[in-house]
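Engineer:
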Amino acid sequence: MSITDGRECDKMKKNLQGLTIEELQEFAAELGEATFRGKQLFRWINGKGEKDFDRMTDFSLKLREKLKEKAYVGGVRVSSEQHDEHDGTRKFLFGLEDSNAVEGVFMKYRYGNSLCVSSQVGCRMGCIFCASALDGLVRNLTAGEMADQVYEAERHTGESINHIVVMGMGEPFDNYENLKTFLELLHHPDGKNLGYRNITVSTSGIVPAMKRFAEDFPQVNLAISLHRLEDAGRSRIMPVNRAYPLEELLQTAGWYTERTGRRITFEYTLIRGENDGPEDVALMKEKLSRMLFHVNLIPLNKVEETGLEGSSRKRAEEMAAELNSCGIPATVRRELGGDIDGACGQLRQKKTILE
Ligand code: SAH
């Protein structure tokens, strides 16, 4: 039987992207190779972002051939891109090995480069203002697909990425196991060796996962999408609130800051007429006390299908000033990628537009 179809062939090969050192050592042993080959493979894949066995120059030609026969390094590929000339923000559509795609946003800051990474294709949290939720959840991303968004963005831009925010498509805590492996891969000294403090994970408020996260990754930054401080209203815009209502969420947030000693970021997306009134500011003053936190006000980016409008920049600044005046640290998020729908929460598979 001759195999001519590359795809069929790849299906029979092992995908090494996303494997831990231990798993790569096992794979090396299966090939009849010394276990240290596992570590070498890990360094190539996660430390250098290499996918081509022919460029793994510390392997003999014979071993490279064996690797090509039995394995491949999968992941994602930039299939299209939008560039905001004003601020250098680049939005990528990452094609996956099946026909799906997710988005990532590369941003330049004074302190370095940051990538906003997706954790799922679509999302099942159903927040009414969010583009990623429009078609529900398609599937979880693997740890390898998450990690390769970072490696691919580096290969593609030629720049190094030193901050990661998991604020792209999907709810990371709805894909906890793969998120965990992804964070461990990025942090590994034989990989990118990225400090946990340089990573932020954002959740819509899945309380049990927040508790687990505090134990597993006390140094990774946590952001919580709050958006409203009254249960009925929050449940209407964020259905997750029905499962984990505000009191439980805020109590867990307080426990989190005590347990980890780390400041939480509360994201507060401003929807005109929905959560930007004086009563909303009063609720914030009343409910957000006695913990280490910071409020990030984000005027909603318009998503056509939702019919919702963002608050004005002026209103956002007014709210921030009012909160600051009574000791609540609040800032208005700097708008990056405004020209390209690049802001978080506007990520979706705009394939027909982009391609
Ligand atoms: N599911 C996670 C992470 C992804 S969304 C979470 O909910 O936190 C990242 C942030 O963008 C969240 O705070 C989300 O509520 C916000 N967001 C979603 N849609 C938005 C929009 N259209 N404009 C501004 N922010 C939005």
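Take 1447 as the starting number for the sequence shown in the working numbering and just add one per residue.
By construction, the Cβ of each residue, glycine as well, lies at the ideal position given by its N, Cα and C atoms.
Could you give the distance in angstroms between the alpha-carbon of R1523 and the alpha-carbon of R1780?
Structural biologist: 28 Å
Engineer: Rounded to a whole number of angstroms, what is the C-alpha to C-alpha distance between G1604 and G1558?
Structural biologist: 13 Å
Engineer: Are the CB atoms of L1477 and K1516 nearer to each other than 9 Å?
Structural biologist: yes
Engineer: Alpha carbon to alpha carbon, what distance is there between A1660 and Y1702?
Structural biologist: Pairing Y1702 with A1660, the inter-Cα distance amounts to about 6 Å.
Engineer: Start and end of the alpha helix (DSSP H) containing M1653?
Structural biologist: In the sequence on display, residue 1653 carries Val and not Met. Start and end: 1653 to 1662.
Engineer: Is E1617 near the ligand SAH, in the sense that its beta carbon is under 8 Å from a heavy atom of that ligand?
Structural biologist: Yes.
Engineer: Label M1553 either buried or exposed according to how many other C-beta atoms from any shown protein chain fall within 10 Å of its C-beta, with 16 as the threshold for buried.
Structural biologist: buried
Engineer: Using a Cβ distance threshold of 8 Å, determine whether the region 1690 to 1708 contacts the region 1760 to 1768, with at least three qualifying pairs required.
Structural biologist: no
Engineer: Over the uninterrupted beta strand (DSSP E) stretch that includes V1596, give me the two end residues.
Structural biologist: No beta strand (DSSP E) holds V1596; the alpha helix (DSSP H) holding it covers 1589 to 1603.
Engineer: My understanding is that E1713 touches S1648, with C-beta atoms under 8 Å, so please give their C-beta distance in whole angstroms.
Structural biologist: 7 Å
Engineer: Kindly list the residues whose CB is nearer than 8 Å to the CB of H1740, restricted to its own chain and excluding five residues on each side of it in sequence; keep chain order.
Structural biologist: Here the set comprises R1709, I1710, T1711, F1712, P1775, A1776, T1777.
Engineer: When you compare only the Cα positions, how much space is there between M1458 and Y1518?
Structural biologist: 10 Å
Engineer: If I'm right that M1615 touches V1551 with Cβ under 8 Å, what's the distance once you round it to whole angstroms?
Structural biologist: Not really, about 11 Å apart at Cβ, beyond 8 Å.
Engineer: Whole-angstrom Cβ separation of N1570 and Y1622, contact assumed at under 8 Å?
Structural biologist: Checking the sequence, you will find Arg at residue 1570 rather than Asn. Actually they are not in contact, since the Cβ atoms of R1570 and Y1622 sit about 14 Å apart, beyond 8 Å.
Engineer: Take the Cβ of R1736 as the centre, count every other Cβ of all protein chains shown within 10 Å, and call the residue buried at 16 or more, exposed below.
Structural biologist: Exposed, since its Cβ has fewer than 16 Cβ neighbours within 10 Å.
Engineer: By Cβ distance below 7 Å, which residues in the same chain neighbour L1583 in space, the five residues on each side in sequence not counted?
Structural biologist: Q1566, G1568, C1569, R1570
Engineer: Would you say the beta carbon of L1477 is closer than 8 Å to some non-hydrogen atom of the ligand SAH?
Structural biologist: no
Engineer: Closer than 8 Å to a non-hydrogen atom of the ligand SAH - does that hold for the CB of F1575?
Structural biologist: Within the cutoff, so yes.
Engineer: Please tell me whether E1713 has its Cβ less than 9 Å away from any Cβ of chain B.
Structural biologist: In the structure shown, chain B does not exist; there is a single protein chain.
Engineer: At what residues does the beta strand (DSSP E) containing G1679 begin and finish?
Structural biologist: Counting along the chain, G1679 falls outside any beta strand (DSSP E), though it belongs to the alpha helix (DSSP H) covering 1677 to 1683.
Engineer: Give a single yes or no on whether C1723 has its beta carbon closer than 8 Å to a heavy atom of the ligand SAH.
Structural biologist: Per the sequence presented here, residue 1723 reads as Gly, with Cys not at that position. Every heavy atom of the ligand SAH is 8 Å or more from the Cβ of G1723, so no.
Engineer: With a threshold of 16 other CB atoms inside 10 Å of the CB of D1594, please say whether the residue is buried or exposed.
Structural biologist: buried
Engineer: Return the bridge partner residues of V1741 from the DSSP annotation.
Structural biologist: F1712, A1776
Engineer: Is it buried or exposed, F1628, if we count other Cβ atoms within 10 angstroms and call 16 or more buried?
Structural biologist: buried
Engineer: Please identify the residue among N1687, R1483, G1464 whose C-alpha is closest to the C-alpha of E1472.
Structural biologist: R1483
Engineer: Which residues bound the alpha helix (DSSP H) around M1765?
Structural biologist: Per DSSP, the unbroken alpha helix (DSSP H) holding M1765 starts and ends at 1759 to 1771.
Engineer: Alpha carbon to alpha carbon, how far is M1592 from L1462? Give it in angstroms, no decimals.
Structural biologist: 14 Å
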